[in-house]
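Only one structure is covered here, and it is reproduced in the block below.
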Amino acid sequence: MLEKDLLSYKKYNIILAEEVMNKKFKEDLKKGYKFTYHAAIALPIIFLPIFVALGIYSLIEYHHNLQFIGIGIILILVGIMWVPFSIFIRKRMQIFINKIDEEDRDDRKE
Numbered sequence: 121m122l123e124k125d126l127l128s129y130k131k132y133n134i135i136l137a138e139e140v141m142n143k144k145f146k147e148d149l150k151k152g153y154k155f156t157y158h159a160a161i162a163l164p165i166i167f168l169p170i171f172v173a174l175g176i177y178s179l180i181e182y183h184h185n186l187q188f189i190g191i192g193i194i195l196i197l198v199g200i201m202w203v204p205f206s207i208f209i210r211k212r213m214q215i216f217i218n219k220i221d222e223e224d225r226d227d228r229k230e
């Protein structure tokens with residue numbers, strides 16, 4: 121009888137520990153997604169002016185050299201491409217955050 125109680129107690133503790141770890145993992149995952157979501161806002165704010173400024177500088181300063189004109193145009197395009205890239209990242213992270221919130225709501229209902 122005592123051994124049966126101990127085994128059931130151990131199984132209960134293992135199941136409880138797994139639930140706590142799963143909940144903690146989901147919270148950490150959600151924090152990571154939110155951090156990435158907010159970092160995606162900062163990406164174009166930081167990199168757009170830097171790349172565009174470097175590209176314009178390259179075009180103005182080295183206009184006689186064809187290689188630097190190409191580098192300047194590429195830098196400008198890379199700077200501009202941060203905007204749709206960050207929008208894509210934000211949409212994906214929002215989907216993941218909503219999915220985790222939905223799973224949390226389902227777990228609370230049960």
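Following our numbering, the numbering of the sequence shown begins with 121 at its first residue and continues without gaps.
Positions of the beta carbon are idealized from the N, C-alpha and C atoms, including for glycine.
Cβ-based neighbour list, residue i, same chain, cut-off 6 Å, excluding 5 preceding and 5 following
i	result
Ser206	Ala160, Leu163, Pro164
Glu223	none
Trp202	Leu163, Pro164, Phe167, Leu168
Val172	Ile196, Gly199
Arg210	Tyr157, Ala160
Residue i CB to nearest heavy atom of the ligand ATP below 7 Å
i	result
Lys144	The ligand ATP is absent from the structure shown, which contains no ligand whatsoever.
Buried versus exposed, by CB contacts within 10 Å (16 or more), residue i
i	result
Ile196	buried
Ser178	buried
Phe208	exposed
Met213	buried
Own chain residues within Cβ distance below 7 Å of residue i, not counting five before or after
i	result
Leu133	The sequence given here has Asn at residue 133, not Leu. There are no such residues.
Extent of the continuous alpha helix (DSSP H) run through residue i
i	result
Asn218	186-229
Three-way DSSP call (helix, strand, coil) for residue i in this model
i	result
His183	coil
Expected contact under 8 Å - CB spacing of residue i and residue j to nearest Å
i	j	result
Lys150	Ile215	Actually they are not in contact, since the Cβ atoms of Lys150 and Ile215 sit about 13 Å apart, beyond 8 Å.
Gly175	Gly192	4 Å
Ile217	Lys154	6 Å
8 Å CB neighbourhood of residue i in its chain, flanking five on each side removed
i	result
Glu181	Phe188
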